[in-house]
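Heads up: take any position in the sequence shown, counting from 1, add 580, and you land on the working numbering.
Written out below as structure tokens is the structure these notes cover.
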Amino acid sequence: MKMRRIYFLVILGCALTGAWAQNVHVGIFQDQLVTASVVYCSSGNYHLVAGDEILARFGQGDVLYLTLDREMVKVLDADRDFGFFSEVELRGTTPDCVFRIRPIQPELESRMYDDDLLVTAHDRYMTLVNRVDMDKYLAGVVEAEAGYNAEKEFYKAQAILCRTFALKNLDRHLSEGFSLCDGTHCQAYRGRSMQHPGILTAIMETTGMVLADYHYKLITAAYHSNSGGQTQRASEVWLSDADYLQSVVDPYSLHQPHAKWRDTISFNDWKQYLLKNGMRSVNRIPEEIIYVEQMRRKKYFVLDKDSIRMAKIREDWGFPSAFFDMFPDGDSVLVWGKGYGHGIGMSQEGAMKMAGDGFLFRDILQFYFHEVRLMDYRDLPASSIPHVEF
Ligand SMILES: [Zn+2]
Numbered sequence: 581m582k583m584r585r586i587y588f589l590v591i592l593g594c595a596l597t598g599a600w601a602q603n604v605h606v607g608i609f610q611d612q613l614v615t616a617s618v619v620y621c622s623s624g625n626y627h628l629v630a631g632d633e634i635l636a637r638f639g640q641g642d643v644l645y646l647t648l649d650r651e652m653v654k655v656l657d658a659d660r661d662f663g664f665f666s667e668v669e670l671r672g673t674t675p676d677c678v679f680r681i682r683p684i685q686p687e688l689e690s691r692m693y694d695d696d697l698l699v700t701a702h703d704r705y706m707t708l709v710n711r712v713d714m715d716k717y718l719a720g721v722v723e724a725e726a727g728y729n730a731e732k733e734f735y736k737a738q739a740i741l742c743r744t745f746a747l748k749n750l751d752r753h754l755s756e757g758f759s760l761c762d763g764t765h766c767q768a769y770r771g772r773s774m775q776h777p778g779i780l781t782a783i784m785e786t787t788g789m790v791l792a793d794y795h796y797k798l799i800t801a802a803y804h805s806n807s808g809g810q811t812q813r814a815s816e817v818w819l820s821d822a823d824y825l826q827s828v829v830d831p832y833s834l835h836q837p838h839a840k841w842r843d844t845i846s847f848n849d850w851k852q853y854l855l856k857n858g859m860r861s862v863n864r865i866p867e868e869i870i871y872v873e874q875m876r877r878k879k880y881f882v883l884d885k886d887s888i889r890m891a892k893i894r895e896d897w898g899f900p901s902a903f904f905d906m907f908p909d910g911d912s913v914l915v916w917g918k919g920y921g922h923g924i925g926m927s928q929e930g931a932m933k934m935a936g937d938g939f940l941f942r943d944i945l946q947f948y949f950h951e952v953r954l955m956d957y958r959d960l961p962a963s964s965i966p967h968v969e970f
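Right, dumping it as structure tokens:
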């Protein structure tokens with residue numbers, strides 16, 4: 581009898597705290613030092629909370645002003661001054677809570693977010709954190725990373741990668757008071773999804789699903805815009821290798837919007853660059869520096885006994901990809917490239933083509949990732965997901 585009661589209390593506790601629904605803390609407007617903002621309650625009911633105290637209740641149409649003042653957050657609404665706080669929270673109390681926030685110092689475009697807003701004061705800025713249901717967050721990420729109007733099976737594959745990335749990196753910004761930032765450093769997130777039905781269905785139909793390796797560890801869920809016809813093995817760009825990130829010949833990425841690019845650089849600049857990077861034979865065999873051919877992706881540009889990583893050349897010259905050919909044209913060097921991005925993991929445009937050809941999300945993920953397990957993250961060992969507490 582006693583056991584049953586404890587069990588019941590645990591269930592009740594989980595239901596009340598939402599422990600079964602995964603929330604994520606996302607730092608928003610992270611590329612800005614925001615010192616003043618207006619917050620509009622768009623739907624649902626909110627509590628303004630500081631410490632354990634509920635200071636006020638807000639509903640649709642209510643407006644709140646937050647200003648950094650003497651290293652504290654000053655909170656006002658239309659007719660009340662709530663005072664100064666080091667931390668303050670706009671906590672949603674209904675499932676339909678949506679707020680809109682418009683930074684006014686600096687002046688930025690407003691964005692809409694689901695669920696809660698946490699504000700912490702620092703000496704020169706406020707940290708703004710959106711505490712949001714994982715699937716709602718993922719809908720916003722998939723929309724920002726993959727746009728509208730793609731096939732549902734593509735959105736499902738993308739949603740699983742975004743979820744895998746998010747769960748694997750929950751401790752990435754712990755010292756700043758949140759899990760993930762909203763820039764490309766983590767995953768782009770510009771607020772709530774505009775309720776694109778294809779994205780929302782894809783998120784719901786894959787809820788909880790992640791990719792793990794054969795040791796039940798979440799994979800590095802890499803993706804990029806277009807592989808140019810062949811994906812890149814991880815170890816050729818990053819220091820670490822992963823069995824599941826092998827190079828794949830990818831015909832689906834050909835003939836897609838970012839399959840090809842062209843650039844022209846000066847022969848002299850190229851020569852100086854190679855000399856600066858330790859290529860000793862540049863002056864002895866100058867004709868060889870302007871012919872680069874990659875039928876398949878190469879790891880290095882090699883001249884005699886010296887080499888430079890193709891990924892470094894891409895980065896130094898700002899090329900869209902490291903998968904390119906070069907040939908001379910008078911005083912210039914023509915650079916004809918394939919693909920867009922680092923080339924590791926799933927090619928988004930290739931995956932869109934596969935989905936259009938009738939492949940299911942499982943097929944798409946299996947094509948781009950070698951020997952991975954598709955599973956529910958709740959079935960992973962506890963050590964697979966960083967344990968974070970806020
Ligand atoms: Zn980040």
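Even glycine gets a Cβ: it sits at the ideal position worked out from N, Cα and C.
This one's a predicted model, so the numbers in the text were calculated from it and none came from an experiment.
**Q.** Cβ-Cβ distance between GLY607 and THR700 below 8 Å
**A.** Sequence index remark: in the sequence shown, residue 607 carries index 27 (1-based). Sequence index remark: in the sequence shown, residue 700 carries index 120 (1-based). No, the pair does not count as a contact, with Cβ atoms beyond the cut-off.
Q) Can LEU760 be considered in contact with ligand 1, in the sense that its beta carbon sits closer than 7 Å to one or more heavy atoms? A) Taking the first residue of the sequence shown as position 1, residue 760 is located at position 180. Yes - ligand 1 has a heavy atom lying nearer than 7 Å to the Cβ of LEU760.
Q: Out of SER912, LYS892 and PHE941, point me to the one whose CA is closest to GLY921's CA.
A: As a first step, residue 921 must be located in the sequence shown, where it is residue number 341. That would be LYS892, whose Cα lies nearest to the Cα of GLY921.
Q) Using a threshold of 7 Å, is the CB atom of GLY720 nearer than that to any non-hydrogen atom of ligand 1? A) Reading the sequence shown from its first residue, position 140 is the one you call residue 720. Incorrect: GLY720 has no Cβ contact closer than 7 Å to ligand 1.
(Q) I want to check one thing, is the minimum distance from the CB of ARG704 to the heavy atoms of ligand 1 below 7 Å? (A) To locate residue 704, count along the sequence shown from 1; it is residue 124. ARG704: no, Cβ never under 7 Å from ligand 1.
Q | When ALA719, ASP849, ASP676 and LEU646 are compared against PHE664, the one with the closest alpha-carbon | A | Here residue 664 corresponds to residue number 84 of the sequence shown, with the count starting at 1. Checking every option, the nearest Cα to that of PHE664 belongs to LEU646.
**Q.** Whole-number beta carbon distance between ASN806 and GLY898, since they are thought to touch under 8 Å
**A.** To locate residue 898, count along the sequence shown from 1; it is residue 318. To locate residue 806, count along the sequence shown from 1; it is residue 226. Actually they do not touch by this definition, with Cβ atoms about 17 Å apart.
Q) HIS765: beta carbon under 7 Å from a heavy atom of ligand 1? A) Looking up residue 765 in the sequence shown gives position 185. Yes - ligand 1 has a heavy atom lying nearer than 7 Å to the Cβ of HIS765.
Q) Would a C-beta distance cut-off of 8 Å place LEU698 and GLU669 closer than the cut-off? A) Counted from its first residue, the sequence shown places residue 698 at position 118. Counted from its first residue, the sequence shown places residue 669 at position 89. Against a cut-off of 8 Å, the Cβ pair of GLU669 and LEU698 comes out as a contact.
Q.
Within a Cβ cutoff of 7 Å, which residues of the same chain sit near MET692, ignoring the five residues on either side of it in sequence?
A. Here residue 692 corresponds to residue number 112 of the sequence shown, with the count starting at 1. The answer, listed in chain order, is SER622, VAL678, ARG680, GLY771 and ARG772.
Q | Where the beta strand (DSSP E) containing THR700 begins and where it ends | A | Counted from its first residue, the sequence shown places residue 700 at position 120. Note, THR700: beta strand (DSSP E), 696-701.
(Q) I'd like the list of long-range same chain contacts for VAL862, defined as Cβ closer than 8 Å, with 5 residues on each side in sequence excluded. (A) Numbered from 1 along the sequence shown, position 282 holds the residue referred to as residue 862. Only LYS851, LEU854, LEU855, ILE869 and LEU883 meet the Cβ criterion.
Q: Evaluate the contact criterion for the region 797-814 versus the region 751-765: three or more CB pairs, one atom per stretch, below 8 Å.
A: no
Q: Count the other C-beta atoms from every protein chain shown that fall within 10 angstroms of the C-beta of ASN729, then say buried if there are 16 or more, exposed otherwise.
A: The sequence position of residue 729 within the sequence shown is 149, counting from 1. Label assigned to ASN729: exposed.
Q.
To the nearest angstrom, how far is the alpha carbon of LEU798 from that of GLU969?
A. By 1-based counting over the sequence shown, the position of residue 798 is 218. By 1-based counting over the sequence shown, the position of residue 969 is 389. If you take the alpha carbons of LEU798 and GLU969, they lie about 20 Å apart.
Q. Using a threshold of 7 Å, is the CB atom of ARG752 nearer than that to any non-hydrogen atom of ligand 1?
A. Residue 752 sits at position 172 when you count from the first residue of the sequence shown. Yes - ligand 1 has a heavy atom lying nearer than 7 Å to the Cβ of ARG752.
Q: Determine contact between the region 710-719 and the region 651-662, defined as no fewer than three beta-carbon pairs at a distance below 8 Å.
A: no
Q. By a C-beta neighbour count over all protein chains shown, 10 Å radius and 16 as the cutoff for buried, is PRO675 buried or exposed?
A. To locate residue 675, count along the sequence shown from 1; it is residue 95. Exposed: under 16 other Cβ atoms inside 10 Å.
Q | Neighbourhood of ASP642 by C-beta distance below 6 Å, restricted to the same chain and skipping five residues each side | A | Position 62 of the sequence shown holds residue 642. CYS621, listed in sequence order.
Q: May I ask you to report which of helix, strand or coil DSSP gives LEU825?
A: By one-based count along the sequence shown, residue 825 stands at place 245. Coil.
Q: Note down the Cα distance separating MET652 from PRO961, rounded to an integer number of angstroms.
A: For the purposes of this step, residue 652 is taken as residue 72 along the sequence shown, with counting starting at 1. For the purposes of this step, residue 961 is taken as residue 381 along the sequence shown, with counting starting at 1. Straight-line Cα distance between these residues: approximately 41 Å.
Q: Return the residue from the list GLY778, HIS605 and HIS702 that minimises the CA-CA distance to LYS732.
A: The count along the sequence shown starts at 1 and reaches residue 732 at position 152. The shortest C-alpha separation from LYS732 is found at GLY778.
Q: Output the distance between the C-alpha atoms of THR673 and PHE939, rounded to the nearest integer angstrom.
A: Taking the first residue of the sequence shown as 1, we reach residue 673 at position 93. Taking the first residue of the sequence shown as 1, we reach residue 939 at position 359. About 41 Å.
Q) For GLN775, is the classification buried or exposed, using 16 other Cβ atoms within 10 angstroms of its Cβ as the cut-off for buried? A) Here the question's residue 775 lines up with position 195 in the sequence shown. By the neighbour-count rule (16 or more Cβ atoms within 10 Å), GLN775 is not buried but exposed.
Q: Please state whether DSSP places PHE664 in a helix, a strand or coil.
A: The count along the sequence shown starts at 1 and reaches residue 664 at position 84. Looking at PHE664 - three-state DSSP - the assignment turns out to be strand.
(Q) Taking the beta carbon of ILE569 as the centre, do at least 16 other beta carbons fall within 10 Å, making it buried, or is it exposed? (A) Nothing in the structure corresponds to residue 569, since the chain is present only between 581 and 970.
Q: Determine which residues share a DSSP beta bridge with ILE681 and list them.
A: On the sequence shown, residue 681 is found 101 positions in, with the first residue counted as 1. ILE681 is bridged to VAL619 and ARG691.
Q.
Please state whether the Cβ-Cβ distance between ALA719 and LEU780 is less than 8 Å.
A. Here residue 719 refers to the residue found at position 139 of the sequence shown. Here residue 780 refers to the residue found at position 200 of the sequence shown. The answer is yes: Cβ separation under 8 Å.
Q: State the Cα-Cα distance for the pair THR800 and TRP818, rounded to the nearest angstrom.
A: Here the question's residue 800 lines up with position 220 in the sequence shown. Here the question's residue 818 lines up with position 238 in the sequence shown. One C-alpha to the other measures close to 12 Å.
Q: Classify GLY598 as helix, strand or coil using the three-state DSSP reduction.
A: Indexing the sequence shown from 1 puts residue 598 at position 18. Residue placement at GLY598 is flagged as unreliable, the pLDDT there being 37, under the threshold of 50; the coordinate-derived value follows with that caveat. Looking at GLY598 - three-state DSSP - the assignment turns out to be coil, as it is neither helix nor strand.
Q. Whose CA, out of ALA724, MET932, ALA636 and GLN612, lies closest to the CA of HIS835?
A. Locating residue 835 in the sequence shown gives position 255, counting from the first residue. With distances taken between Cα atoms, HIS835 lies closest to MET932.
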